[in-house]
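**Student:** With UniProt numbering applied, the sequence shown corresponds to residues 1 to 676, in that order.
The beta-carbon is built from N, C-alpha and C at its ideal position, and this holds for glycine as well.
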Amino acid sequence: EELLKAYYSCEELHHSLGALLLRHGHIKEAACSIQKALEINPNFAAARQSLDSLKTILVERWHFRMLNDISRNRAFHDAITAAVQNGHKHVLDIGAGTGLLSLFALSAGADKVYACEVSPTSCEVARTVIDENGFGTKAHIINKHSTELTVPGDLSERISLAVTETFDSGLFGEHVLKSLDHAWERLLKVEQSACFQAKATVIPEKAEVFACLIESQWIRDGLRVSKQVLEAVLDMTDVELNAAYSDEEPYDSEKLSQLKHGFRRLSEPFHVLSVDFNNHKEIQDLIKGVHLKEKVLCAESGILDAVCLWFRLKVGDTWLDTGPDSETCWEQAIFRGPSVQVCCREAVMLEISCQGHITVHCVLDSLINTREKAVTNLDFEVIRAINGQALIMARISEELDAKLGNCSTQNILDASRIPLVGLLLLRRRPNWRLAYVRNFSSKDFVASFVKTHGLEVAVNAVENLEELHNDEGKQYDIFIVNVFESSGLLRQGVFEDIALLRKSCLKPDVTMVPSSLTLRGVLVESEALEEQSHLVSDSRTLGFKIADSINVFQVHMQQEICLATLPHRPLCDVFTLLEINMYNVGLDLPEISAVRTVPLLQAGRISGCCYWFEQDSSDGVTVSSYSAEDTSLQAAVVFSGGVLGSVGTTIRVGTSCIDSNISIWLDNVREGKVLQ
1 EELLKAYYSC
11 EELHHSLGAL
21 LLRHGHIKEA
31 ACSIQKALEI
41 NPNFAAARQS
51 LDSLKTILVE
61 RWHFRMLNDI
71 SRNRAFHDAI
81 TAAVQNGHKH
91 VLDIGAGTGL
101 LSLFALSAGA
111 DKVYACEVSP
121 TSCEVARTVI
131 DENGFGTKAH
141 IINKHSTELT
151 VPGDLSERIS
161 LAVTETFDSG
171 LFGEHVLKSL
181 DHAWERLLKV
191 EQSACFQAKA
201 TVIPEKAEVF
211 ACLIESQWIR
221 DGLRVSKQVL
231 EAVLDMTDVE
241 LNAAYSDEEP
251 YDSEKLSQLK
261 HGFRRLSEPF
271 HVLSVDFNNH
281 KEIQDLIKGV
291 HLKEKVLCAE
301 SGILDAVCLW
311 FRLKVGDTWL
321 DTGPDSETCW
331 EQAIFRGPSV
341 QVCCREAVML
351 EISCQGHITV
361 HCVLDSLINT
371 REKAVTNLDF
381 EVIRAINGQA
391 LIMARISEEL
401 DAKLGNCSTQ
411 NILDASRIPL
421 VGLLLLRRRP
431 NWRLAYVRNF
441 SSKDFVASFV
451 KTHGLEVAVN
461 AVENLEELHN
471 DEGKQYDIFI
481 VNVFESSGLL
491 RQGVFEDIAL
501 LRKSCLKPDV
511 TMVPSSLTLR
521 GVLVESEALE
531 EQSHLVSDSR
541 TLGFKIADSI
551 NVFQVHMQQE
561 ICLATLPHRP
571 LCDVFTLLEI
581 NMYNVGLDLP
591 EISAVRTVPL
601 LQAGRISGCC
611 YWFEQDSSDG
621 VTVSSYSAED
631 TSLQAAVVFS
641 GGVLGSVGTT
651 IRVGTSCIDS
661 NISIWLDNVR
671 EGKVLQ
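#1: To which residues of the same chain is Glu579 closer than 6 Å at the C-beta, ignoring the five residues directly before and after it?
#2: Got a sec? Which residues, its chain only, sit under 6 Å from Ile658 by beta carbon, not counting five neighbours each side?
#3: In terms of DSSP beta bridges, what is Thr359 paired with?
#4: Rounded to whole angstroms, what is the Cα-Cα separation between Ile287 and Asp181?
#5: Would you report the Cα separation of Phe196 and Asn86, rounded to the nearest angstrom?
#6: Output the boundary residues of the beta strand (DSSP E) element that contains Trp665.
#7: At what residue ranges does the region 412-476 contain a whole run of the beta strand (DSSP E), taking only runs of 3 or more?
#8: I need the DSSP call for Gly302, collapsed to helix, strand or coil.
#9: Going by DSSP, what residue range makes up the beta strand (DSSP E) through Gln554?
#10: Mind reading off the beta-carbon distance from Phe380 to Gly222? Whole number of angstroms is fine, and I expect it under 8 Å.
#11: Do Thr81 and Ala108 have their C-beta atoms within less than 7 Å of each other?
#12: Counting along the chain, where does the beta strand (DSSP E) carrying Gln332 start and finish?
#13: Quick one: measure Cβ to Cβ for Ser418 and Phe445, integer angstroms, because I've assumed they're closer than 8 Å.
#14: From the DSSP secondary-structure annotation, give me the bridge partner or partners of Trp612.
#15: For the 8 Å Cβ check, are there 3 or more pairs between the region 424-442 and the region 385-398?
#16: Return the residue from the list Ser50, Gly586, Glu39 and Thr56 that minimises the CA-CA distance to Ala19.
#17: May I ask you to report which of helix, strand or coil DSSP gives Arg502?
#18: Quick check: the Cα distance between Asp616 and Met66, rounded to an integer number of angstroms?
#19: With a 10 Å radius around its C-beta and 16 neighbouring C-beta atoms as the bar for buried, classify Leu292 as buried or exposed.
#20: Counting C-beta neighbours from all protein chains within 10 Å, is the total for Asn661 16 or more, i.e. buried, or is it exposed?
#21: Between which two residues does the beta strand (DSSP E) containing Gly641 stretch?
#22: So which of Ser627, Lys545 and Ile383 has the shortest CA-CA distance to Glu240?
#23: What is the rounded straight-line gap between the Cα of Asn581 and the Cα of Ser516?
#24: Look up Phe196 in the DSSP assignment and say whether it is helix, strand or coil.
#25: Compute the distance between the beta-carbons of Glu463 and Arg438, then report whether it is under 7 Å.
#26: Under 8 Å Cβ to Cβ from Ala75, same chain only, skipping five residues before and after it: list those, please.
#27: Quick one: grab the DSSP three-state call for Cys10.
#28: Where does Val202 land, buried or exposed, given buried means 16+ other C-beta within 10 angstroms?
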């Protein structure tokens, strides 16, 4: 407080306070501090990135895909409208979000709508949305989980219609069964008090769950480190490095149609279970526990990497299909498999259970271990990164070894999240010394590698880079860092860290890996990219005014994009956004910026700029975040308004890197028009 009084106009101070508050969970206070920093300096890149992180916490990105799904919205609108017009005048909206389903009920003539939502931010948005659409007096926004609602109290009386769209990729993952069980028990009119009253109803009425066996290299790369990498690169023949499994998170979510490397179906789709949300006993049975065994015949030979699960939802007269071939907002649930070879006509036994949520396990005789190995369980992202980067990191370590062959002793500092190059180099030169920054997700891998190769004496872990900044006695000959994250973003604070290390503990003639960094990009037209960034227009929500309220939480920088499978049209050739010589990164970091002239080769709407990184070592080895081998994904900046361009139009694309934050903009576009 004293610092703020003395330096109230210092944007860095307000941002630092906001970042501290955000780390400790004080969301609203953090937002105020970060907004103040941006008021002082609207071009403060670090504050903009912090604000984007805060927006993502407050409103998860799937909200935008959901609101943009016009088929889903129309199905719920028609079903709710029909129900209200058939006499359901008092409505409960469970997990109301922005209040769209409540608006459907109110516009159809409901007398009273209770919209319950556990997120305070979503409640505020819903209040604004309902007021802006002229229904403020008939809606009651309740900031509670539906299982906390009481009658009387929160609701003046039991209601006859409950509507909900709290279904994740695995159908029941957001505890919808418990919510509906409580609603039938405590909130819905179970008995009709008069013959003219409508019978209590839930929308959607039913769901059917389906699954199939699939092969996917992307999923496999996250299950376990491959035999080739373990034996040929890491030389860890008596160890297994597997992905950790959590009963609390039994499945992942993926949009199979946009999965890197694609996928193959190994079986025909099969029915798993059905549920009638208007049958209280069926809901209770699925909460108590249902156990099934399903014998599935393989229709194709291949590697069984996962079981893919999806569902069909009956909403009025419409069945919404969330399967891999559908165009809905939902992803599919992925239950990790054994990644073993199966043959056509081979039977795979699945153990399926539902006790509040669905779990699926594969049972195969070939899974019986014939050889005992030490198993290290790691985060699946670490597994995937090792599989994707080990071969090229081995090449870099070989080149470094050859280049520094005459050096008897070298001190290595590897600041990468997974210090593969440093470890592989040390295996070749066990008399050298390696320091690395301990990382929670990769520390067990490092420990296993060090133990396997007997490198305990040569390896030193530090808790953070600040330890090295303060230890000026130790000087390092080789510095290694992976500049980009697997999400596609530049590693936060990476250039600031390098600058401080050069000042404190890196030798003047240090060998930098990488030696240079290039940022490549392409302008694209992509409706899919726009839909995950913001509500495209109120026409997607059938004319109800929501866009202005929800797009306050729009984040222009999108990450974890697979450009190879993203539905898009490239509008230009790949071009260079920025080039950075890593040897020039010093203590005083100037703004790194450039403006490139890019001619459009196709006419279209410029939705955004997808970009990726290329790290070059001085020995000619390039690590790209956009390659078939690497498991990293790409990032994109989404431009507001979608600028229209014609063939031959010249676009000036500006890029800057300030405080290790990338900004990309269209330099000759004003109010949606290209200035020539």
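**Tutor:** For this structure:
#1: Thr518
#2: Ala45 and Glu591
#3: According to the DSSP secondary-structure assignment, Thr359 is paired through a beta bridge with Ser353.
#4: Straight-line Cα distance between these residues: approximately 9 Å.
#5: Because the pLDDT at Phe196 is just 48, under 50, the model does not fix this residue reliably, and the value given afterwards should be weighed accordingly. In a straight line, the C-alpha of Phe196 is about 10 Å away from that of Asn86.
#6: Asn661 to Leu666
#7: 433-437 and 459-462
#8: strand
#9: Segment: none, Gln554 is in no beta strand (DSSP E) and carries neither H nor E.
#10: 4 Å
#11: For Thr81 and Ala108, yes; Cβs fall inside 7 Å.
#12: Gln332 to Val342
#13: At residue 418 the sequence reads Ile, which differs from the Ser that was named. Between Phe445 and Ile418 the Cβ distance is about 7 Å, and since that is below 8 Å, they are a contact.
#14: Arg520
#15: yes
#16: Ser50
#17: helix
#18: 40 Å
#19: By the neighbour-count rule (16 or more Cβ atoms within 10 Å), Leu292 is not buried but exposed.
#20: buried
#21: Gln634 to Gly645
#22: Ile383
#23: 5 Å
#24: Note on Phe196: pLDDT 48, under 50, position unreliable in the model; the coordinate value appears next. The answer is coil: DSSP assigns Phe196 none of H, G, I, E or B.
#25: yes
#26: Val315, Gly316, Thr318 and Leu320
#27: coil
#28: buried
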